[in-house]
Each structure stands twice: as C-alpha cells, then as structure tokens.
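Visitor: Handing you a structure now.
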Amino acid sequence: MVAYKAPENASPQMQAFTAYINAVAAFDSEGVSANLDDEAFEFNLLPQAMAISKLKKQEFVAFLQATIFGWFINSDFSVIVHEIIEAGDALTAHVQSDGVSKLGTPWNNEYILMLRFVPSKTPGELPKIGMYKEFLNSAFVRDFKTEEKKREAKE
28 MVAYKAPENA
38 SPQMQAFTAY
48 INAVAAFDSE
58 GVSANLDDEA
68 FEFNLLPQAM
78 AISKLKKQEF
88 VAFLQATIFG
98 WFINSDFSVI
108 VHEIIEAGDA
118 LTAHVQSDGV
128 SKLGTPWNNE
138 YILMLRFVPS
148 KTPGELPKIG
158 MYKEFLNSAF
168 VRDFKTEEKK
178 REAKE
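All letters in the sequence shown, in the order written, are residues 28 to 182 by my numbering.
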C-alpha cells in the first residue's frame with residue numbers, strides 16, 4: 028500500500044520521508060531500516076508517559092516488528108499522511124493509521140512525526156533519518172493494549 032506520493036519537485040528530505048512512510052505502510056522492515064542512519068538515528072516516543080526509552084536503529088526496527096508489524100495483518104492496516112511541513116533538514120508530518128489487530132481490536136491513531144535528516148554517507152543516495160520523535164495518542168494506545176490483553180486471555 029502506498030501511504031504517500033511525494034510531489035514531482037520534492038526535496039531529497041521529502042523523497043526520503045516518502046520512502047520511509049511507504050515502507051512502514053507495507054510492513055517492510057528492510058525498507059524502514061534502509062531509510063535510517065546507521066550511527067545518528069535515535070527514536071523518541073512521546074509523550075514521555077509512554078515510558079519507552081530512546082531507541083537506536085536496530086532497536087527501533089525491532090520495536091516496529093513487535094508492535095505495528097506484529098499486532099496487525101498488513102492488508103488490515105492503512106497509513107494516511109494528512110500534512111507535511113518542511114524546513115531545511117527537518118520535516119514534520121501529521122499521520123493517521125487505521126486497522127484491526129489480529130485479535131480483532133480496532134486501531135485508529137494519529138501521530139505527529141518530527142524528523143531530522145542527515146546526509147547519506149553514500150554519494151547520490153537520499154538523506155537518512157537521523158532524529159525521529161513521534162508524538163501519539165497515548166490514551167488510545169493504553170486502551171488498545173488493555174483490550175488486546177482481554178482478547179488474548181479469552182483465546
């Protein structure tokens with residue numbers, strides 16, 4: 028599934044974001060990883076009440092595999108990009124995801140993604156995501172996880 032199609036005159040940062048968000052929408056771990064800088068990448072999930080420590084590249088990919096890629100079937104999950112604001116090496120996006128978990132729990136969440144890009148070490152490649160902060164609806168996630176536990180206990 029394509030979550031976002033960048034305009035033809037998109038900046039390298041916008042092109043890199045497009046590749047990243049479409050890899051997430053396709054549950055493509057390798058595609059996600061390819062868009063993250065090996066050394067600089069750091070993921071921070073907000074609000075801090077989520078109690079998720081900052082994650083480096085491999086930890087973040089494993090986190091996605093255990094959560095979004097693990098909770099859902101790709102065909103039952105969609106990603107929509109509502110708005111993007113870009114300034115230099117920074118990009119902020121308002122994103123929504125919807126789906127139904129493997130246990131039948133509805134998922135409808137919104138996010139603000141704050142990204143900073145670093146140049147690729149390989150000439151000619153798109154920049155890589157170096158810093159990634161994601162602010163999500165923590166109350167929704169809490170309720171979703173509670174419902175998942177109830178459904179899991181019934182199985």
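Yeah, the Cβ is synthetic: ideal placement off N, Cα and C, and Gly gets one too.
(1) Leaving out five residues on either side along the sequence, give the residues of the same chain with a beta carbon under 8 Å from the beta carbon of LEU73.
(2) Within this structure, are the beta carbons of GLY126 and VAL145 separated by less than 8 Å?
(3) Of all the options SER60, GLU86, ALA50 and ILE48, which has the alpha carbon lying nearest to the alpha carbon of ASN71?
(4) Look up TYR31 in the DSSP assignment and say whether it is helix, strand or coil.
(5) For a test of the three-state rule: what should DSSP assign to PHE96, helix, strand or coil?
(6) Anyone know if the C-beta pair for PHE44 and LEU142 falls short of 8 Å?
Guide: In terms of the structure at hand:
(1) These residues qualify, in order along the chain: LYS160, GLU161, PHE162 and LEU163.
(2) One thing to note: GLY126 has its Cβ no nearer than 8 Å to the Cβ of VAL145.
(3) Of the listed residues, the one whose Cα sits closest to ASN71 is GLU86.
(4) For TYR31, the three-state secondary structure derived from DSSP is coil.
(5) If DSSP states are grouped into helix, strand and coil, PHE96 belongs with the helices.
(6) In this structure, PHE44 places its C-beta atom within 8 Å of the C-beta atom of LEU142.
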